[in-house]
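Peer 1:
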Amino acid sequence: MNRVRPLLALLAACAVSSLHAESPADPVWRFGGFGTFGAGYHRSEGVQYRRDLEQESGYTGRKLGFRGDTRFGLQANARFDPRWSAMVQTVSRLRADGSWQPDLTWAFVRHSPADWLEVRVGRLGVDIYQNGDSRHVGYAYTTARPSIELYGLLTQDRFDGMDATVRRTVGTGVASFKLYGGGTRGDFNLYGAEFRTDNTRTLGATLEWASDALTLRAAWGDMYARDDESLQALAVALRQVPASVSPQAALRADRIDSAHRVNFAGVGALYEHGAFSLDAIAGWERFTGFPGFEGWAASVVAAFRVGRWKPYAGYGRIVFSPDDKPLSLPALNSGLVELQAAYDRVTDRLRMDQYTLTAGLRYDLAANHALKFQLDHTRAAASAMLVDLNGLPIRERSVTLYTLVLDFVF
Numbered sequence: 010m011n012r013v014r015p016l017l018a019l020l021a022a023c024a025v026s027s028l029h030a031e032s033p034a035d036p037v038w039r040f041g042g043f044g045t046f047g048a049g050y051h052r053s054e055g056v057q058y059r060r061d062l063e064q065e066s067g068y069t070g071r072k073l074g075f076r077g078d079t080r081f082g083l084q085a086n087a088r089f090d091p092r093w094s095a096m097v098q099t100v101s102r103l104r105a106d107g108s109w110q111p112d113l114t115w116a117f118v119r120h121s122p123a124d125w126l127e128v129r130v131g132r133l134g135v136d137i138y139q140n141g142d143s144r145h146v147g148y149a150y151t152t153a154r155p156s157i158e159l160y161g162l163l164t165q166d167r168f169d170g171m172d173a174t175v176r177r178t179v180g181t182g183v184a185s186f187k188l189y190g191g192g193t194r195g196d197f198n199l200y201g202a203e204f205r206t207d208n209t210r211t212l213g214a215t216l217e218w219a220s221d222a223l224t225l226r227a228a229w230g231d232m233y234a235r236d237d238e239s240l241q242a243l244a245v246a247l248r249q250v251p252a253s254v255s256p257q258a259a260l261r262a263d264r265i266d267s268a269h270r271v272n273f274a275g276v277g278a279l280y281e282h283g284a285f286s287l288d289a290i291a292g293w294e295r296f297t298g299f300p301g302f303e304g305w306a307a308s309v310v311a312a313f314r315v316g317r318w319k320p321y322a323g324y325g326r327i328v329f330s331p332d333d334k335p336l337s338l339p340a341l342n343s344g345l346v347e348l349q350a351a352y353d354r355v356t357d358r359l360r361m362d363q364y365t366l367t368a369g370l371r372y373d374l375a376a377n378h379a380l381k382f383q384l385d386h387t388r389a390a391a392s393a394m395l396v397d398l399n400g401l402p403i404r405e406r407s408v409t410l411y412t413l414v415l416d417f418v419f
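Below, the structure is given as structure tokens:
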């Protein structure tokens with residue numbers, strides 16, 4: 010609640026400014042929402058399939074599950090005049106702490122002082138999604154869920170701040186450039202524990218060109234976190250190891266910092282011609298938190314519409330590897346054995362080496378309602394998304410997930 014109050018005060022100030030600036034008539038309100046009812050099943054015993062790091066758990070092997078993809082959102086839009094508007098959105102879904110508490114995902118005031126310029130202030134989203142502004146509106150996606158290889162690690166995708174977008178016609182399409190920044194919001198779950206992004210700021214930019222058949226995008230972002238104490242206990246323990254036992258322990262401890270960065274960049278293309286569509290994205294990411302991780306991810310989805318039916322196939326791949334920071338403590342006592350295990354977990358916590366083959370069928374059964382059946386075969390040499398029953402990352406496992414979802418907007 011303490012995070013929301015300053016945001017609400019900022020939005021109220023912006024709204025008051027708009028009223029005094031233009032003296033408009035009563036605002037025009039529009040209320041709506043969206044959701045997904047999902048069910049999933051796989052036979053990989055002892056494995057939980059998560060769609061992203063934001064989830065505390067996922068689809069458990071040999072059990073029919075309903076929590077992994079299910080979510081519900083409500084949205085209110087207000088139009089004060091042709092230049093001023095506002096939007097508020099809240100979403101309930103499985104969170105990093107295992108609850109379904111609704112989250113304020115969007116809350117902003119928009120001002121367009123000119124046709125080519127738009128400025129928004131409030132709670133906003135990082136502009137990394139090719140099929141809309143959010144990973145929660147399943148109806149906007151051909152597939153049952155966004156690629157876990159591409160988007161599973163990027164759960165800190167909201168911020169309290171502002172963005173500015175300029176647009177102009179270029180050739181047969183419209184080009185736009187967006188700059189954004191503010192205080193990062195979001196959390197994630199690793200090793201069965203919840204972590205929050207306090208004292209973190211986000212900066213980013215997106216360049217897009219869109220025509221009737223083709224959309225091209227390039228995105229860049231930087232998140233800087235300070236006062237991250239999550240690894241300080243490990244650093245203290247390493248410094249207590251005598252140099253005569255391991256001269257490397259203190260050196261490793263000195264590399265553990267309370268500040269870190271997440272840098273990412275990506276390019277994407279969406280092509281639609283008649284009944285055929287092709288959606289392709291590739292990205293790079295660097296995380297400087299100890300020991301440092303770097304890697305790339307890519308996703309491609311091809312689909313062909315036949316009336317209300319839309320069969321599709323896709324492929325996702327991610328390789329996210331830690332920097333080499335080896336440490337070998339002698340097993341002189343149980344304390345050193347436990348410290349070695351803790352060090353190994355930390356240096357391996359975000360390792361990802363997996364791919365997913367996807368095949369599915371979408372059926373638009375009514376206006377704003379889509380039923381999707383999807384089969385995903387994931388092969389993971391290392392994964393932070395696929396975890397065991399204790400929330401620990403798995404290694405060298407395969408999962409074939411069967412999913413049925415109903416997406417809707419209203």
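The sequence shown lines up with residues 10 to 419 when you count with our numbering.
Positions of the beta carbon are idealized from the N, C-alpha and C atoms, including for glycine.
No experiment lies behind these values; they were computed from the predicted model shown.
Measure the alpha-carbon distance for Ser286 versus Lys319 and round it to whole angstroms.
Peer 2: Position 277 of the sequence shown holds residue 286. Position 310 of the sequence shown holds residue 319. The alpha-carbon atoms of Ser286 and Lys319 are separated by roughly 10 Å.
Peer 1: Determine, using beta carbons only, whether Ala259 and Arg248 come nearer to each other than 8 Å.
Peer 2: Against the sequence shown, residue 259 aligns to sequence position 250. Against the sequence shown, residue 248 aligns to sequence position 239. Yes, the Cβ-Cβ distance between Ala259 and Arg248 is below 8 Å.
Peer 1: I'd like the list of long-range same chain contacts for Arg406, defined as Cβ closer than 7 Å, with 5 residues on each side in sequence excluded.
Peer 2: Within the sequence shown, numbered from 1, the residue matching residue 406 stands at position 397. Closer than 7 Å at Cβ, skipping near neighbours: Ser53, Val56, Ala389 and Leu395.
Peer 1: Taking one C-beta from the region 207-224 and one from the region 74-85 each time, how about it: are there three or more such pairs within less than 8 Å?
Peer 2: Result no; under three Cβ-Cβ pairs closer than 8 Å.
Peer 1: Tell me whether Glu158 sits in a helix, a strand or coil according to DSSP, three-state version.
Peer 2: By one-based count along the sequence shown, residue 158 stands at place 149. It is helical.
Peer 1: Pick out whichever of Ile290, Ser66 and Gly192 has its Cα sitting closest to the Cα of Leu401.
Peer 2: Along the sequence shown, one-based indexing puts residue 401 at 392. Out of Ile290, Ser66 and Gly192, Ser66 has the C-alpha closest to the C-alpha of Leu401.
Peer 1: Quick one: measure Cβ to Cβ for Thr409 and Gly47, integer angstroms, because I've assumed they're closer than 8 Å.
Peer 2: Counting from 1 along the sequence shown, the entry for residue 409 is found at position 400. Counting from 1 along the sequence shown, the entry for residue 47 is found at position 38. Going by Cβ atoms, the distance from Thr409 to Gly47 rounds to 17 Å, so no, they are not a contact pair.
Peer 1: Sorted by chain position, which residues of the same chain lie with C-beta nearer than 8 Å to Asp332's C-beta, five sequence neighbours on each side aside?
Peer 2: Numbered from its first residue, the sequence shown carries residue 332 at position 323. Pro300, Gly301, Phe302 and Glu303, listed in sequence order.
Peer 1: Hey, Thr356 and Lys334: beta-carbon distance below 8 Å or not?
Peer 2: Counted from its first residue, the sequence shown places residue 356 at position 347. Counted from its first residue, the sequence shown places residue 334 at position 325. Taking 8 Å as the Cβ cut-off, Thr356 and Lys334 qualify as a contacting pair.
Peer 1: Can you confirm whether the region 129-148 touches the region 167-178 when touching is taken to mean that 3 or more C-beta pairs between the two stretches lie within less than 8 Å?
Peer 2: Short answer: they touch.
Peer 1: Can you say whether Phe419 is buried or exposed, counting buried as having 16 or more other CB atoms within 10 angstroms of its CB?
Peer 2: Indexing the sequence shown from 1 puts residue 419 at position 410. By the neighbour-count rule (16 or more Cβ atoms within 10 Å), Phe419 is not buried but exposed.
Peer 1: Within its chain, find whatever has a CB closer than 8 Å to the CB of Ala30; leave out the 5 residues flanking it on each side and keep chain order.
Peer 2: Mapped onto the sequence shown, residue 30 falls at position 21. Only weak support exists for where Ala30 lies, its pLDDT of 49 falling under 50; the value from the coordinates is given anyway. Taken in chain order, the residues that qualify are Trp93.
Peer 1: Could you tell me which of Leu113, Arg354 and Glu294 sits nearest to Gly195, measuring between CA atoms?
Peer 2: Looking up residue 195 in the sequence shown gives position 186. Gly195 has its Cα closest to that of Leu113, out of Leu113, Arg354 and Glu294.
Peer 1: Taking the alpha-carbon positions, what's the Ala246 to Ser330 distance?
Peer 2: Residue 246 sits at position 237 when you count from the first residue of the sequence shown. Residue 330 sits at position 321 when you count from the first residue of the sequence shown. Cα to Cα, Ala246 sits roughly 25 Å from Ser330.
Peer 1: Quick one: residues in its chain with C-beta nearer than 6 Å to the C-beta of Ala228, no 5 flanking neighbours on either side, listed in chain order?
Peer 2: Indexing the sequence shown from 1 puts residue 228 at position 219. Excluding sequence neighbours, Ala228 sits near Ile137, Thr215 and Gly275.
Peer 1: Can you look up Glu63 in the DSSP assignment and give me helix, strand or coil?
Peer 2: As a first step, residue 63 is located in the sequence shown; it is residue number 54 there, counting from the start. Reduced to three states, the DSSP call for Glu63 is coil.
Peer 1: Got a sec? Which residues, its chain only, sit under 8 Å from Lys72 by beta carbon, not counting five neighbours each side?
Peer 2: The residue given as residue 72 occupies position 63 in the sequence shown. Answer for Lys72: Tyr50, listed in chain order.
Peer 1: Is Arg176 helix, strand or coil by DSSP?
Peer 2: To locate residue 176, count along the sequence shown from 1; it is residue 167. Strand at Arg176.
Peer 1: Run the CB neighbour count on Glu238, radius 10 Å, all protein chains shown included, and call it buried at 16 or more, exposed below.
Peer 2: As a working note, residue 238 is residue 229 in the sequence shown. Exposed.
Peer 1: Return the first residue and the last residue of the beta strand (DSSP E) that Gly70 is part of.
Peer 2: As a position in the sequence shown, residue 70 is number 61, starting the count at 1. It is not in any beta strand (DSSP E) - Gly70 carries neither H nor E in the DSSP assignment.
Peer 1: Looking at the unbroken beta strand (DSSP E) that takes in Tyr280, where does it start and where does it end?
Peer 2: If you number the sequence shown from 1, residue 280 lands on position 271. Element bounds for Tyr280: His269 to His282.
Peer 1: Considering only the alpha carbon of each residue, which of Arg360, Val414 and His378 lies closest to Leu384?
Peer 2: Working through the sequence shown from its first residue, we reach residue 384 at position 375. Checking every option, the nearest Cα to that of Leu384 belongs to Val414.
Peer 1: Measure the alpha-carbon distance for Asp416 versus Ala376 and round it to whole angstroms.
Peer 2: In the sequence shown, counting from the first residue as 1, residue 416 sits at position 407. In the sequence shown, counting from the first residue as 1, residue 376 sits at position 367. Cα to Cα, the separation comes out at about 11 Å.
Peer 1: In chain order, what residues of the same chain have a beta carbon less than 6 Å from the beta carbon of Gln257, not counting five sequence neighbours either side?
Peer 2: Your numbering for residue 257 matches position 248 in the sequence shown. Around Gln257: Leu336.
Peer 1: Do Gly369 and Ala149 come within 8 Å of each other at the CB atom, strictly closer than that value?
Peer 2: Here residue 149 corresponds to residue number 140 of the sequence shown, with the count starting at 1. Here residue 369 corresponds to residue number 360 of the sequence shown, with the count starting at 1. No; because the gap between Cβ atoms is not below 8 Å, this pair is not in contact.
Peer 1: Does the distance from the C-beta atom of Glu158 to that of Ile327 stay below 8 Å?
Peer 2: Residue mapping note: residue 158 aligns to position 149 of the sequence shown, counting from 1. Residue mapping note: residue 327 aligns to position 318 of the sequence shown, counting from 1. Yes, Cβ-Cβ distance for Glu158 and Ile327 is below 8 Å.
Peer 1: Please classify Ser32 as buried or exposed, where buried requires at least 16 neighbouring CB atoms within 10 angstroms.
Peer 2: Within the sequence shown, residue 32 is the residue found at index 23, counting from 1. Bear in mind that the predicted position of Ser32 carries a pLDDT of just 48, short of 50, making it too unreliable to give a figure here.
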